[in-house]
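*Asks:* Residue numbers (the numbering used here): 7 to 190.
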């Protein structure tokens, strides 16, 4: 399962687009949502096979789409859609944050539900690093040590009983930014 704060993810993609367009001196297209999803799954340890991965995108009530991804419209193009590739099938669910509940609470509630599911062996989480990270980290302290949990952030964060990966790498791949363009 991949659980992501969609608004945070979109802001990070925007920042990368703006900064890398200046560095590599070319226009960067919107990120390929399917490619990003597969990159996150690989970074989270998923290997080729007939897997089924649920992708949950949590977003604010006032955002109706991802501005920096294709496809982008939550209701028309993403929610309830699926695609298959070498890593299996990815099924998207889009959940709108309810103001009375609070956005961070919804993302954390989704993480808590995933942790309770015995069949859920691999969980990848992309929280808003400023508002949700500490709460998610507290939740993960009680996680079953046999679950493979990977948390994605733009920089190394204070740890816990989970793996960490840099979110920017999967986004750069989805944006079509190549290492050789950066001299690496």
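Don't be surprised by glycine CBs; every beta carbon is placed ideally from N, CA and C.
1) Roughly how many angstroms lie between the CA atoms of residue 96 and residue 50, to the nearest whole one?
2) Closest to residue 215 by C-alpha separation, out of 93, 73, 94, 115, would be which residue?
3) What alpha helix (DSSP H) runs, 4 residues minimum, are completely inside the segment 28–97?
4) Please confirm whether residue 98 and residue 132 have their CB atoms less than 8 Å apart.
5) Are the beta-carbon atoms belonging to residue 12 and residue 65 less than 8 Å from one another?
6) If you draw a straight line from the alpha carbon of residue 100 to that of residue 86, how long is it in whole angstroms?
7) Rounded to whole angstroms, what's the CA-CA distance from residue 161 to residue 142? Just pull it up for me.
8) Of the choices 61, 111, 89, whose alpha-carbon is the least far from that of residue 137?
9) Suppose the cutoff is 7 Å on Cβ atoms and the five residues either side in sequence are ignored; what does the same chain contact list for residue 83 look like?
10) Give the DSSP-derived three-state secondary structure of residue 170 in the structure shown.
11) Quick one: is residue 174 buried, meaning 16 or more other Cβ sit within 10 Å of its Cβ, or exposed?
12) Name the two residues that bound the continuous alpha helix (DSSP H) containing residue 134.
13) At what residues does the beta strand (DSSP E) containing residue 140 begin and finish?
14) Go ahead and label residue 75 buried or exposed: buried means 16 or more other beta carbons lie within 10 angstroms of its beta carbon, across all protein chains shown.
15) Alpha carbons only, please: which of 26, 57, 37 is nearest the one belonging to residue 188?
16) Mind checking which residues open and close the beta strand (DSSP E) that includes residue 9?
17) Ends of the beta strand (DSSP E) at residue 155?
*Replies:* Here's the rundown:
1) Position 90 of the chain shown, counting from 1, holds the residue named residue 96. Position 44 of the chain shown, counting from 1, holds the residue named residue 50. Cα to Cα, residue 96 sits roughly 14 Å from residue 50.
2) As displayed, the chain neither begins before 7 nor continues past 190, which places residue 215 out of reach and without an answer.
3) Under the rule that a run must span 4 or more residues, the alpha helix (DSSP H) segments found entirely inside the segment 28–97 read 39–49.
4) On the chain shown, residue 98 is found 92 positions in, with the first residue counted as 1. On the chain shown, residue 132 is found 126 positions in, with the first residue counted as 1. For residue 98 and residue 132, no; Cβs fall outside 8 Å.
5) For the purposes of this step, residue 12 is identified with residue 6 of the chain shown, where counting begins at 1. For the purposes of this step, residue 65 is identified with residue 59 of the chain shown, where counting begins at 1. In contact: residue 12 and residue 65 (Cβ atoms closer than 8 Å).
6) Your numbering for residue 100 matches position 94 in the chain shown. Your numbering for residue 86 matches position 80 in the chain shown. In a straight line, the C-alpha of residue 100 is about 8 Å away from that of residue 86.
7) In the chain shown, residue 161 corresponds to position 155, counting from 1. In the chain shown, residue 142 corresponds to position 136, counting from 1. Spanning the two alpha carbons is a distance of roughly 16 Å.
8) Here residue 137 is taken as the residue at index 131 of the chain shown, counted from 1. Distances from the CA of residue 137 to each of 61, 111, 89 were compared; the closest alpha carbon is that of 111.
9) The count along the chain shown starts at 1 and reaches residue 83 at position 77. The beta carbon of residue 83 sits closer than 7 Å to the beta carbons of 77 from its chain, once the five residues preceding and following it are set aside; these are given in chain order.
10) Walking along the chain shown from the start, residue 170 turns up at place 164. Three-state result, residue 170: strand.
11) Counted from its first residue, the chain shown places residue 174 at position 168. Taking every protein chain shown into account, the CB of residue 174 has 16 or more other CB atoms within 10 angstroms, so this residue is buried.
12) Position 128 of the chain shown, counting from 1, holds the residue named residue 134. For residue 134, there is no enclosing alpha helix (DSSP H), since its DSSP letter is neither H nor E.
13) Sequence index remark: in the chain shown, residue 140 carries index 134 (1-based). Residue 140 -> not in any beta strand (DSSP E); alpha helix (DSSP H) instead, spanning 139–146.
14) Along the chain shown, read from residue 1 onward, the residue named residue 75 stands at position 69. With 16 or more other Cβ atoms inside 10 Å of its own Cβ, residue 75 counts as buried.
15) Here residue 188 refers to the residue found at position 182 when the chain shown is read from its first residue. Checking every option, the nearest Cα to that of residue 188 belongs to 26.
16) Numbered from 1 along the chain shown, position 3 holds the residue referred to as residue 9. Residues 8–11.
17) Position 149 of the chain shown holds residue 155. Looking at the DSSP string, the run of the beta strand (DSSP E) that includes residue 155 is 154–159.
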